[in-house]
Amino acid sequence: MQAHNRTHQHKVALTGIDAMFSGADVELLQRGLATAGRPDLQELVAQLRQSAQYKDSAWYQLSTPGYKPSYKKLFASAIAGHDAADKLLKALPTIKLSQPQLTAMTNAAANARMAFDDFYQPKINKRESSRDSVFAEMTRLLVRGKGQRIIIWAHDAHVARHGVAPEDKGNGGGTGAFLERMFPGQYFVLATATAGGTFAATT
Numbered sequence: 001m002q003a004h005n006r007t008h009q010h011k012v013a014l015t016g017i018d019a020m021f022s023g024a025d026v027e028l029l030q031r032g033l034a035t036a037g038r039p040d041l042q043e044l045v046a047q048l049r050q051s052a053q054y055k056d057s058a059w060y061q062l063s064t065p066g067y068k069p070s071y072k073k074l075f076a077s078a079i080a081g082h083d084a085a086d087k088l089l090k091a092l093p094t095i096k097l098s099q100p101q102l103t104a105m106t107n108a109a110a111n112a113r114m115a116f117d118d119f120y121q122p123k124i125n126k127r128e129s130s131r132d133s134v135f136a137e138m139t140r141l142l143v144r145g146k147g148q149r150i151i152i153w154a155h156d157a158h159v160a161r162h163g164v165a166p167e168d169k170g171n172g173g174g175t176g177a178f179l180e181r182m183f184p185g186q187y188f189v190l191a192t193a194t195a196g197g198t199f200a201a202t203t
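Heads up: the sequence shown begins at 1 in the working numbering, then just goes up one per residue.
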């Protein structure tokens, strides 16, 4: 991919569209805004970092036997993190940044905000968050330029245009369903495959 990008005008990038962890996004924001001369933004980044660390730590420990998170604290921290990311998104256009910098900072703040969506939606909007809708929103961030294309590698349940679990009323369909609404007539499923193995994301 790097060799291709060195010799071609149209670059290829590899990225993720999941929103489980937000620590890396906060680090990018912290570095990118370190010289912005805006103490108010540093306060928002500090809150975002605190919320991200708390939530990421909880996710890492969920597979630990006997671990019992304080959901009251987790919800409060996540809401504060979501609000901080939202305020950062609104403030970023007011900072003097190059277009690539602004795009990177905007994507990082949006990703960080979406990482708190599974707590924000039930608490504020009284509805379940949909992981597939978050996938689609993150995809939309990546194809804002004219003529840009994206290939998504995901489980069949995610690329599907319809939800695979009829009893799951809160999901609204696979990622494909949300992408079809965002990009009418422009979403295509190229292939499906099956796989097996021993890798597990949890212990």
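Where a beta carbon is used, it is the ideal one built from N, C-alpha and C, also for glycine.
Keep in mind it's a predicted model, so treat the numbers as computed, not measured.
Subject >> Touch test, the segment 58 to 73 against the segment 91 to 105, Cβ-Cβ under 8 angstroms, three pairs minimum >> reply: Remark: fewer than three beta-carbon pairs, one from each stretch, lie closer than 8 angstroms, so the segment 58 to 73 and the segment 91 to 105 are not flagged as touching.
> Got a sec, what are the start and stop residues for the alpha helix (DSSP H) glutamine 42 sits in?
Replying inline: In the sequence shown, counting from the first residue as 1, residue 42 sits at position 42. Per DSSP, glutamine 42 belongs to the alpha helix (DSSP H) from 39 to 61.
Point to revise | Pairwise C-alpha distance: alanine 85 and glutamine 42 | key: Locating residue 42 in the sequence shown gives position 42, where the first residue counts as 1. Locating residue 85 in the sequence shown gives position 85, where the first residue counts as 1. If you take the alpha carbons of glutamine 42 and alanine 85, they lie about 12 angstroms apart.
Original post:
For the alpha helix (DSSP H) that contains phenylalanine 183, what are its first and last residues?
Top reply: Within the sequence shown, residue 183 is the residue found at index 183, counting from 1. Counted as a single uninterrupted DSSP element, the stretch harbouring phenylalanine 183 is not any alpha helix (DSSP H), since DSSP gives it neither H nor E.
- Task: Could you tell me which of Met20, Leu44, Val45 sits nearest to leucine 62, measuring between CA atoms?
- Result: Sequence index remark: in the sequence shown, residue 62 carries index 62 (1-based). Taking only the C-alpha atoms, the option nearest leucine 62 is Met20.
- Message: Out of Ala177, Pro122, Thr15, which one is the CA nearest neighbour of alanine 136?
- Response: Residue numbering aside, residue 136 sits at position 136 when the sequence shown is read from its first letter. Nearest of Ala177, Pro122, Thr15 to alanine 136, Cα basis: Ala177.
ask   = CB asparagine 109 to CB leucine 89, shorter than 7 angstroms?
value = Numbered from its first residue, the sequence shown carries residue 109 at position 109. Numbered from its first residue, the sequence shown carries residue 89 at position 89. Correcting the residue identity first, residue 109 is alanine in this sequence and not asparagine. Yes; because the gap between Cβ atoms is below 7 angstroms, this pair is in contact.
Notebook entry, point to check: Which residues bound the alpha helix (DSSP H) around histidine 82?
Noted result: The count along the sequence shown starts at 1 and reaches residue 82 at position 82. That run of the alpha helix (DSSP H) goes 71 to 91.
Checklist line | Per-residue burial, glycine 66 [other beta carbons within 10 Å of its own, 16 or more giving buried] | finding: Within the sequence shown, residue 66 is the residue found at index 66, counting from 1. Around the C-beta of glycine 66, fewer than 16 other C-beta atoms lie within 10 Å, and the residue is accordingly described as exposed.
Handout entry: Cutoff 6 angstroms; reference serine 129; Cβ partners in own chain excluding five residues on either side
Key = To locate residue 129, count along the sequence shown from 1; it is residue 129. Close CB contacts of serine 129 within its chain, under the 6 angstroms cut and outside five residues either way in sequence, are with Asp117, Asp118, Gln121 (chain order).
Give me, in chain order, the residues of the same chain whose beta-carbon lies closer than 7 angstroms to that of methionine 114; leave out the 5 immediate sequence neighbours on both sides. Taking the sequence shown and counting its residues from 1, the one referred to as residue 114 is at position 114. Counting only Cβ-Cβ distances below 7 angstroms, and skipping sequence neighbours, we find Ala19, Val134, Glu137, Met138.
Who are the Cβ neighbours of tryptophan 59 in its own chain at under 8 angstroms, not counting the five residues just before and after it? Translated into the one-based positions of the sequence shown, residue 59 becomes position 59. Non-local beta-carbon contacts of tryptophan 59 in its own chain, meaning distances under 8 angstroms to residues more than five positions away in sequence, involve Met20, Phe21 in chain order.
message = Assuming leucine 129 is part of the alpha helix (DSSP H), what are its boundary residues?
response = Numbered from its first residue, the sequence shown carries residue 129 at position 129. Here residue 129 is serine; the residue named in the question, leucine, does not match the sequence. For serine 129, there is no enclosing alpha helix (DSSP H), as DSSP marks it with neither H nor E.
State the Cα-Cα distance for the pair threonine 7 and isoleucine 17, rounded to the nearest angstrom.
Mapped onto the sequence shown, residue 7 falls at position 7. Mapped onto the sequence shown, residue 17 falls at position 17. Cα-Cα distance, rounded: 27 angstroms.
Would you tell me roughly how many angstroms separate the C-alpha atoms of proline 39 and aspartate 25, rounded to the nearest one? If you number the sequence shown from 1, residue 39 lands on position 39. If you number the sequence shown from 1, residue 25 lands on position 25. In this structure, the CA atom of proline 39 is about 19 angstroms from the CA atom of aspartate 25.
task = Taking serine 57 and glycine 81 to be in contact with their CB atoms under 8 angstroms, please state how far apart those CB atoms are, rounded to whole angstroms.
result = Here residue 57 is taken as the residue at index 57 of the sequence shown, counted from 1. Here residue 81 is taken as the residue at index 81 of the sequence shown, counted from 1. So it is not a contact: roughly 13 angstroms between Cβ atoms.
Item to complete: Please confirm whether leucine 44 and lysine 96 have their CB atoms less than 7 angstroms apart.
Response: Taking the sequence shown and counting its residues from 1, the one referred to as residue 44 is at position 44. Taking the sequence shown and counting its residues from 1, the one referred to as residue 96 is at position 96. Using a Cβ distance threshold of 7 angstroms, leucine 44 and lysine 96 do not count as a contacting pair.
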